[in-house]
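Worksheet for the structure shown next.
2 protein chains.
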Amino acid sequence: MARGDEPADLVVRGGKVLSVFTREWLDADVAIVDGWIAGIGEYEGVEKLDATGRWVVPGFIDAHMHLESSKLLVDEFARLVLPFGTTAVVADPHEIANVLGTDGVHWLLDASAGLPLDVYFMASSCVPASQFESPRRALTPGDLDALLRRRRVIGLAEMMNFPGVISGAPSELAKLELARHVDGHAPGVLGRSLNAYAAAGIRSDHEAYSAEEGRERLRLGMWLLIREATAARNLQALLPLLAEHGPSRIAFCTDDREPEHIAEDGHINSMVRDAVAFGIPAEDALVCATLSPASWHGLQHLGAVAPGYQADLLLLPDLERFVPDVVLKSGKPVAEFPRAEVPDWVRHTVRIGAFGPEMFRIPWEGGDAHVIGVVPGQIVTDALVATPPTRAGEALPDAEQDLAKIAVVERHLGTGRVGLGFVRGFGLQRGAIASTVAHDAHNVVVVGMNDASMAAAVRRLANRGGGIVVVDGADVLAELPLPIAGLLSDEAHDTVVEQSHALAEAARQIGCTLEAPFQHLAFLALSVIPSLKITDQGLVDVDKFELVGLSA
Amino acid sequence: MARGDEPADLVVRGGKVLSVFTREWLDADVAIVDGWIAGIGEYEGVEKLDATGRWVVPGFIDAHMHLESSKLLVDEFARLVLPFGTTAVVADPHEIANVLGTDGVHWLLDASAGLPLDVYFMASSCVPASQFESPRRALTPGDLDALLRRRRVIGLAEMMNFPGVISGAPSELAKLELARHVDGHAPGVLGRSLNAYAAAGIRSDHEAYSAEEGRERLRLGMWLLIREATAARNLQALLPLLAEHGPSRIAFCTDDREPEHIAEDGHINSMVRDAVAFGIPAEDALVCATLSPASWHGLQHLGAVAPGYQADLLLLPDLERFVPDVVLKSGKPVAEFPRAEVPDWVRHTVRIGAFGPEMFRIPWEGGDAHVIGVVPGQIVTDALVATPPTRAGEALPDAEQDLAKIAVVERHLGTGRVGLGFVRGFGLQRGAIASTVAHDAHNVVVVGMNDASMAAAVRRLANRGGGIVVVDGADVLAELPLPIAGLLSDEAHDTVVEQSHALAEAARQIGCTLEAPFQHLAFLALSVIPSLKITDQGLVDVDKFELVGLSA
Numbered sequence: 000m001a002r003g004d005e006p007a008d009l010v011v012r013g014g015k016v017l018s019v020f021t022r023e024w025l026d027a028d029v030a031i032v033d034g035w036i037a038g039i040g041e042y043e044g045v046e047k048l049d050a051t052g053r054w055v056v057p058g059f060i061d062a063h064m065h066l067e068s069s070k071l072l073v074d075e076f077a078r079l080v081l082p083f084g085t086t087a088v089v090a091d092p093h094e095i096a097n098v099l100g101t102d103g104v105h106w107l108l109d110a111s112a113g114l115p116l117d118v119y120f121m122a123s124s125c126v127p128a129s130q131f132e133s134p135r136r137a138l139t140p141g142d143l144d145a146l147l148r149r150r151r152v153i154g155l156a157e158m159m160n161f162p163g164v165i166s167g168a169p170s171e172l173a174k175l176e177l178a179r180h181v182d183g184h185a186p187g188v189l190g191r192s193l194n195a196y197a198a199a200g201i202r203s204d205h206e207a208y209s210a211e212e213g214r215e216r217l218r219l220g221m222w223l224l225i226r227e228a229t230a231a232r233n234l235q236a237l238l239p240l241l242a243e244h245g246p247s248r249i250a251f252c253t254d255d256r257e258p259e260h261i262a263e264d265g266h267i268n269s270m271v272r273d274a275v276a277f278g279i280p281a282e283d284a285l286v287c288a289t290l291s292p293a294s295w296h297g298l299q300h301l302g303a304v305a306p307g308y309q310a311d312l313l314l315l316p317d318l319e320r321f322v323p324d325v326v327l328k329s330g331k332p333v334a335e336f337p338r339a340e341v342p343d344w345v346r347h348t349v350r351i352g353a354f355g356p357e358m359f360r361i362p363w364e365g366g367d368a369h370v371i372g373v374v375p376g377q378i379v380t381d382a383l384v385a386t387p388p389t390r391a392g393e394a395l396p397d398a399e400q401d402l403a404k405i406a407v408v409e410r411h412l413g414t415g416r417v418g419l420g421f422v423r424g425f426g427l428q429r430g431a432i433a434s435t436v437a438h439d440a441h442n443v444v445v446v447g448m449n450d451a452s453m454a455a456a457v458r459r460l461a462n463r464g465g466g467i468v469v470v471d472g473a474d475v476l477a478e479l480p481l482p483i484a485g486l487l488s489d490e491a492h493d494t495v496v497e498q499s500h501a502l503a504e505a506a507r508q509i510g511c512t513l514e515a516p517f518q519h520l521a522f523l524a525l526s527v528i529p530s531l532k533i534t535d536q537g538l539v540d541v542d543k544f545e546l547v548g549l550s551a
Numbered sequence: 000m001a002r003g004d005e006p007a008d009l010v011v012r013g014g015k016v017l018s019v020f021t022r023e024w025l026d027a028d029v030a031i032v033d034g035w036i037a038g039i040g041e042y043e044g045v046e047k048l049d050a051t052g053r054w055v056v057p058g059f060i061d062a063h064m065h066l067e068s069s070k071l072l073v074d075e076f077a078r079l080v081l082p083f084g085t086t087a088v089v090a091d092p093h094e095i096a097n098v099l100g101t102d103g104v105h106w107l108l109d110a111s112a113g114l115p116l117d118v119y120f121m122a123s124s125c126v127p128a129s130q131f132e133s134p135r136r137a138l139t140p141g142d143l144d145a146l147l148r149r150r151r152v153i154g155l156a157e158m159m160n161f162p163g164v165i166s167g168a169p170s171e172l173a174k175l176e177l178a179r180h181v182d183g184h185a186p187g188v189l190g191r192s193l194n195a196y197a198a199a200g201i202r203s204d205h206e207a208y209s210a211e212e213g214r215e216r217l218r219l220g221m222w223l224l225i226r227e228a229t230a231a232r233n234l235q236a237l238l239p240l241l242a243e244h245g246p247s248r249i250a251f252c253t254d255d256r257e258p259e260h261i262a263e264d265g266h267i268n269s270m271v272r273d274a275v276a277f278g279i280p281a282e283d284a285l286v287c288a289t290l291s292p293a294s295w296h297g298l299q300h301l302g303a304v305a306p307g308y309q310a311d312l313l314l315l316p317d318l319e320r321f322v323p324d325v326v327l328k329s330g331k332p333v334a335e336f337p338r339a340e341v342p343d344w345v346r347h348t349v350r351i352g353a354f355g356p357e358m359f360r361i362p363w364e365g366g367d368a369h370v371i372g373v374v375p376g377q378i379v380t381d382a383l384v385a386t387p388p389t390r391a392g393e394a395l396p397d398a399e400q401d402l403a404k405i406a407v408v409e410r411h412l413g414t415g416r417v418g419l420g421f422v423r424g425f426g427l428q429r430g431a432i433a434s435t436v437a438h439d440a441h442n443v444v445v446v447g448m449n450d451a452s453m454a455a456a457v458r459r460l461a462n463r464g465g466g467i468v469v470v471d472g473a474d475v476l477a478e479l480p481l482p483i484a485g486l487l488s489d490e491a492h493d494t495v496v497e498q499s500h501a502l503a504e505a506a507r508q509i510g511c512t513l514e515a516p517f518q519h520l521a522f523l524a525l526s527v528i529p530s531l532k533i534t535d536q537g538l539v540d541v542d543k544f545e546l547v548g549l550s551a
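Taken in order, these protein sequences are the chains called A and B. Each residue of the first sequence is one higher than the one before, counting from 0 in numbering that gives the first Met the number 0. Each residue of the second sequence is one higher than the one before, counting from 0 in numbering that gives the first Met the number 0.
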């Protein structure tokens, strides 16, 4: 059929076809056979799809993301992103791995097998993300070796323990021996430290926040995965590098995108749109969303409209909005998203020992305390110092200083371990918000203005098997149940989006001034993002990479 | 040492260091440890190399070549090209495979193992190049499978049987199943045929002769390997594509370069030089000689001056000549080129049955004959028609019409099989020239103005175990002995160059007007390059891909 001796199964005709290789628009037919592209040129087809006046581009590929951040089962995630043109993702399943070990990863691999979305995995390299976090169990090099043998597991996921890699820790170097293809994660690392990280064989990073950081990564041979996550938006800062150096070693990724973010703004297509609005040529922006992620990950059959490539095609009505009006997955319109079984063992994961308001009590003799400073729109935090009010030998939250209590409660094994501290930036006046989505160990994180509300919030999550909740005293104002691993809903995406909006509204009711409080909440326990974080083991000074006491 | 905690083994200081990723020159030290690059930045070293005023670039990589075309043993080849900055080559050993089967390839692999030149191999996909050629034995898919298991064999070499691939011949598709990484070879193929070829999974080509051919390959996702061989020079024609599309999917290769060509003009560095003289930015031309070939071939440790890469560095005094004044291979100046053993079985390969002048007789009743038309500077030929003079029922050469006899004599098994025809373009007045270098089967090819000279030339080669010879009647005017497989000399490169020059001079003596007669001679038996060729089986119409009779 490529020779034109017989008509193809389907011919897409009359459109402008992007060659991602030359970044040109070709006036050509696309001949599709058996789900693959047979030829670009003049072709006949049994079926014909008229693409007149439209732009034919490859399906979008997310170079690095965590499925769990969508809070959706993977089929529901596919149902949400396919209409935005995302036809493949490279996922790091480290959220579920923290909660359910490799068993959880194998389940997610199986659950994503039959979908009209290609879900590739990287083996989660850092479970826990650091020694300061408490997942249900740590993943060993043996676990990773076994994961890497599965067909859709294509490399080692983000090496978040950058201090370990840079210091040459044998445990981390042993992991790097397992795979040639390794994603990086090195926020703020520059100079000789970055050289040491790259010399270990890590050739990508999605944590660059500034053009300076991005430029240094590119110069040293690291692929720049530009991230536009819900709580970490780096696109605008890094687009100048795309303008300067072209798209050949730059790819787009979403990392962590909330369901309402996707539903309302789109997925990878939103990054293409924003890049073009910034002034990047559409062809270049499209390469960052197609060929570049495929090239970085060695997905040789994806990312191009060319012979021998999988027929994942989008028909775009314009080069401004980048919302396709036709999506072909393996040459066909997408009809069904089969749901895999959700077994009991992935549903019952929240286990908290006996507890009450007293567990949040902070004995205090007065003086300055280390305080986590939320940076709106970023997942990095500031390390602040403040003086909490004291009463009866106890440090208290203080609405006037915008000082809330924060706690992380271990929830996998019911050890009763709790880390306590203060956070500034939420603007809470009363009540509490809590979540079992708390990167990466996904213990329960709770921020509140009094111990009773905090205890009520945590109790509610324990009873529900996980989720996100806003309480005021004993009242639950809003909640988003996430019964699967405490991370995922089993509802449709519009329901989840509705519940998310209700949560945000409830948070505003108790005074919250942050635009996206739950996204920030979810990252306050992530001990590999600077500067000050908190886990069930206590406050973590990420810059020094050590635990610190509350007293400053 | 990358962290700077300890001094590196060697620091290269004061130079402008090329980042092949951003195509910028960085003012930075290069820290080298254990043969690898540890860091780019500010470093101390136990040893220091002053690069002030010089340009520090990665060693050059030849993306596709045949070692045998140098006529040198591989250590001698390394001795010749290293000073020109070539530190790695990707070789298709199909010349020796035609003569000595996989045994010969394994010998060449072993012989190149300990050299200060990285020699990677592609498993020769087409031995014979077509069914019209007669090697000692054909390579089977089983042979290729075994070759592909060796460590330095990284893929399947040029798929020269493009008609077979395009027509979907099961034998060729079976070979393509063996490897994900396959080099192409599709001279003149365009349109739907090219789509069919690419759809089979072949993603490079080094046979593009025109910008049009090159552009179509790039658009369809094939890497463009720009070739500047001795007898096939495509650089000037294809440089406009490099100017237009940049270097990210374009790499340089030499394919077949004669020893005197290398000695006098250089190797990959000459292509960089000529590209820059054409107007290509030096940074782009250098990428085609470094990162691009490494990327195409998945050689992740080569092609860049960056942490984690092998320390193959060149110090260039200028960006015009591109002749390095220092070459570091794995961090060290090159001191020794060890020679591997050359066993008897690779030395005794020319076997011709009983023969004499009568074997070159062409019975003829008069009329037009198909004539091979040599195209100076190209390995394609024209398919011409001429009327040879006749005497006593025999067709004769005719100096006036520039019509010489050409014969290919099977030389592996002594079958006595001879293909006969006429060729125009050599300008011979008398005598004969003959060679056991005759792509790809390397039977004896001989061009002459009388049967006695042709027989004398072939006899001489048979007695010498191979080589190239110019005779006039019974006199040997000049010769280049190639006792190893009839392809390689065991002399030093300057001796081989001297002998080559003597051959060319001798050819001029008998009237030859071609600048490089032996390079042309060597390709007249290659049945996969259009238009008209000749093998021991007879004349081959390459466009129709069939044998044709001599009578037109």
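Each residue gets a CB set at the ideal place from its N, CA and C atoms; glycine is no exception.
Check: In DSSP terms, what Pro292/B is bridged to; Outcome: For Pro292/B, which the question treats as bridged, DSSP gives no partner whatsoever.
Check: Any chain A beta carbon closer than 9 Å to Pro292/B; Outcome: no
Check: Short-range partners of chain A found in the stretch 47-64 of chain B, where Cβ spacing is below 7 Å; Outcome: none
Check: Nearest-angstrom Cα separation, counted from Ile31/B out to Ser197/A; Outcome: What sits at residue 197/A in the sequence shown is Ala, not Ser. Each residue's alpha carbon lies about 14 Å from the other.
Check: Status (buried if at least 16 other CB within 10 Å, exposed otherwise) for Ile450/B; Outcome: Reading the sequence as shown, one finds Asp at residue 450/B and not Ile. Burial call: buried.
Check: Reference Val73/A; option with closest CA among Thr435/A, Asp142/A and Gly113/A; Outcome: Gly113/A
Check: Short CB-CB distance (under 9 Å) between Glu23/B and chain A; Outcome: yes
Check: Other residues of its chain near Gly103/B: CB distance less than 8 Å, five sequence neighbours each side excluded; Outcome: Pro92, Ile95, Ala96, Val345 and Ala484
Check: C-beta neighbour in chain B for Glu257/A, strict 9 Å; Outcome: no
Check: Member of Leu481/A, Glu206/A, Arg320/A and Trp35/A whose CA lies at the smallest distance from the CA of Thr348/A; Outcome: Leu481/A
Check: Euclidean distance between Cα positions of Arg338/A and Leu79/A; Outcome: 14 Å
Check: Residue-level contact to chain B via CB, Ile39/A, 9 Å cutoff; Outcome: yes
Check: Complete alpha helix (DSSP H) runs within the stretch 228-264 of chain B (minimum length 4 residues, chain order); Outcome: 234-244 and 258-264
Check: Cutoff 9 Å: Asn194/A Cβ touching any chain B Cβ; Outcome: yes
Check: Interface residues of the stretch 159-171 of chain A facing chain B [CB-CB below 7 Å]; Outcome: Ile165
Check: Chain B within 9 Å of Ile267/A, Cβ atoms only; Outcome: no
Check: Residues, ordered as in the chain, of the stretch 300-331 of chain A that lie near chain B by beta-carbon distance below 8 Å; Outcome: Ala303, Ala305, Pro306, Gly307 and Tyr308
Check: Which listed residue (Gln400/A, Pro362/A and Ser166/A) has its alpha carbon closest to that of Gly3/B; Outcome: Ser166/A
Check: Extent of the continuous alpha helix (DSSP H) to which His492/B belongs; Outcome: His492 to Gln508
Check: Cα-Cα separation, Arg360/A to Glu497/A; Outcome: 34 Å
Check: Beta-bridge partners of Ala353/B, as assigned by DSSP; Outcome: According to DSSP, which records beta bridges pairwise, Ala353/B is partnered with nothing at all.
Check: Interface residues of the stretch 130-146 of chain A facing chain B [CB-CB below 7 Å]; Outcome: none
Check: Residues of the stretch 195-206 of chain B whose Cβ lies closer than 9 Å to any Cβ of chain A, in chain order; Outcome: Ala195, Tyr196, Ala197, Ala198, Ala199, Gly200, Ile201 and Arg202
Check: Proximal chain B residues relative to Gly44/A, where beta-carbon distance stays under 8 Å; Outcome: Neighbours of Gly44/A on chain B: none; closest Cβ ~14 Å, over 8 Å.
Check: Reduced DSSP secondary structure (H/G/I, E/B, other) of His411/B; Outcome: coil
Check: Residue burial classification, Lys543/A (beta-carbon count within 10 angstroms, cutoff 16); Outcome: exposed
Check: Nearest to Glu157/B (by Cα), restricted to the options Cys125/B, Pro169/B, Val118/B and Arg151/B; Outcome: Cys125/B
Check: Helix, strand or coil at His205/A [DSSP, three-state]; Outcome: coil
Check: C-alpha gap between Ser192/B and Arg226/B, whole angstroms; Outcome: 22 Å
Check: Residues that Gly14/A contacts on chain B, provided the C-beta gap is smaller than 7 Å; Outcome: Within 7 Å Cβ-Cβ: nothing; Gly14/A doesn't reach chain B, min ~15 Å.
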